[in-house]
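Engineer:
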Amino acid sequence: MFDDIVEELEIEYEILEKRVAEGAVSIEEARYLLEQAEILRRMADGIISSLTSYISRYE
Amino acid sequence: MIDILIEELRLRRKTLEERMIRKDIDIEEARNLLEQARSIKRIAESMISLLSSYIAGREEREIAPPEVTEFIAEDVSAIIEKIADISVLELIILAMAYSKYATPEVKRTADAIKAYYRLTEEEVRIILNVLRGKE
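Here the protein sequences line up with chains F and C, keeping their order.
Note that my numbering gives residue 34 to position 14 of the first sequence, counting from 1, and the numbers run on in steps of one.
Note that my numbering gives residue 79 to position 95 of the second sequence, counting from 1, and the numbers run on in steps of one.
Below is the structure:
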């Protein structure tokens, strides 16, 4: 269900890492991407929490 | 592109929650999805770390006086060329080697990383200062 998102994110990260190393990301874009990454982390945390309690109920 | 992935993740999370309410997910699938969600979190954290350091470095340079900026620019362009392919994990190990977390194993690994990327002590210190938001 999320495996393709993981793959896409890995690709996005590699591209971002190269652009950052080249200094090709403006500070405004970097701040915007940082906000996006924080949203991603919060969403992943929410999913982890839901699945963890689902699994513990299941077990 | 990340915003599209966030939107997609939001939709799939909704579907996942509906399926969990219906108990339509077996334990094996749930564990598999948990691993995938952890991977998403790890990548997001790597992005946060990368971007936070980058922003801190850029802000540091913006407030530096011109002569300092010129000096840093020369050093930094040489360093960037050397570490173009360095991974976040390798940077973390280098940072750990110069911290209170410097175990013998971390130091050995950091030495191997320095040798591989042909980094001098001074260059490593510049990299770490930038990552830590210091001059």
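In this text, a Cβ means the ideal position worked out from N, Cα and C, and glycines have one as well.
With distance defined between alpha-carbon atoms, name the residue in C:Ile97, C:Glu105, C:Arg22 and C:Ala94 nearest to Asp59 of chain C.
Structural biologist: C:Glu105
Engineer: Distance, Cα to Cα, Gly117 of chain C vs Asp(-13) of chain C?
Structural biologist: Cα-Cα distance, rounded: 28 Å.
Engineer: Going straight from the alpha carbon of Ile5 of chain C to that of Ile11 of chain C, what length do you get?
Structural biologist: 14 Å
Engineer: Express the C-alpha separation of Pro88 of chain C and Ile32 of chain C in angstroms, rounding to a whole number.
Structural biologist: Using only the alpha carbons, I get a separation of about 28 Å.
Engineer: Tell me the DSSP secondary structure of Ala14 of chain C in three-state form.
Structural biologist: Look at Ala14 of chain C here: in three-state DSSP terms it is helix.
Engineer: Cβ closer than 8 Å: which chain C residues qualify as neighbours of Glu58 of chain F?
Structural biologist: Ala28 and Ile32
Engineer: With 8 Å as the threshold, decide whether the Cβ of Ile64 of chain C is near any Cβ in chain F.
Structural biologist: yes
Engineer: Report yes or no: is there a C-beta of chain C within less than 8 Å of the C-beta of Ala44 of chain F?
Structural biologist: no
Engineer: Output needed for Val45 of chain F: all residues of its chain with C-beta closer than 8 Å, excluding positions within five of it in sequence on either side, in chain order.
Structural biologist: Leu36, Arg39 and Leu53
Engineer: Is the beta carbon of Ser36 of chain C within less than 7 Å of some heavy atom of the ligand ADP?
Structural biologist: Within the structure as shown, the ligand ADP is missing, as the structure has no ligands at all.
Engineer: Kindly indicate which residue of C:Lys7, C:Tyr100, C:Arg92 and C:Ala79 has the alpha-carbon position closest to the one of Ser76 of chain F.
Structural biologist: C:Lys7
Engineer: Against chain F, which members of the segment 71 to 94 of chain C pass a CB distance test of less than 9 Å?
Structural biologist: If you check each beta-carbon in the segment 71 to 94 of chain C against every beta-carbon of chain F, the ones closer than 9 Å belong to Ser71 and Val72.
Engineer: Whose C-alpha, out of C:Glu2, C:Tyr101 and C:Arg15, is nearest the C-alpha of Ser71 of chain C?
Structural biologist: Minimum Cα distance to Ser71 of chain C is reached at C:Tyr101.
Engineer: On the three-pair Cβ rule with 8 Å, is the segment 84 to 98 of chain C touching the segment 55 to 66 of chain F?
Structural biologist: no
Engineer: Does any residue of chain C bring its CB to less than 8 Å from the CB of Ser70 of chain F?
Structural biologist: yes
Engineer: Please check if any C-beta of chain C sits within less than 8 Å of the C-beta of Glu48 of chain F.
Structural biologist: Residue-level contact check: Glu48 of chain F does not touch chain C, since none of the beta carbons of chain C fall below 8 Å from its beta carbon.
Engineer: Return yes when the Cβ of Ile47 of chain F is within less than 8 Å of the Cβ of Arg42 of chain C, no when it is not.
Structural biologist: With contacts defined as CB atoms closer than 8 Å, Arg42 of chain C and Ile47 of chain F qualify as a contacting pair.
Engineer: What first and last residue would you give for the alpha helix (DSSP H) that runs through Tyr78 of chain F?
Structural biologist: Here the alpha helix (DSSP H) through Tyr78 of chain F covers Ile47 to Tyr78.
Engineer: For Arg(-4) of chain C, which residues in chain F fall below 7 Å Cβ to Cβ?
Structural biologist: Within chain F, the residues placing a beta-carbon under 7 Å from that of Arg(-4) of chain C are Met21 and Phe22, ordered along the chain.
Engineer: Counting only runs of 4+ residues fully inside the segment 56 to 95 of chain C, write out the alpha helix (DSSP H) ranges in chain order.
Structural biologist: 72 to 81
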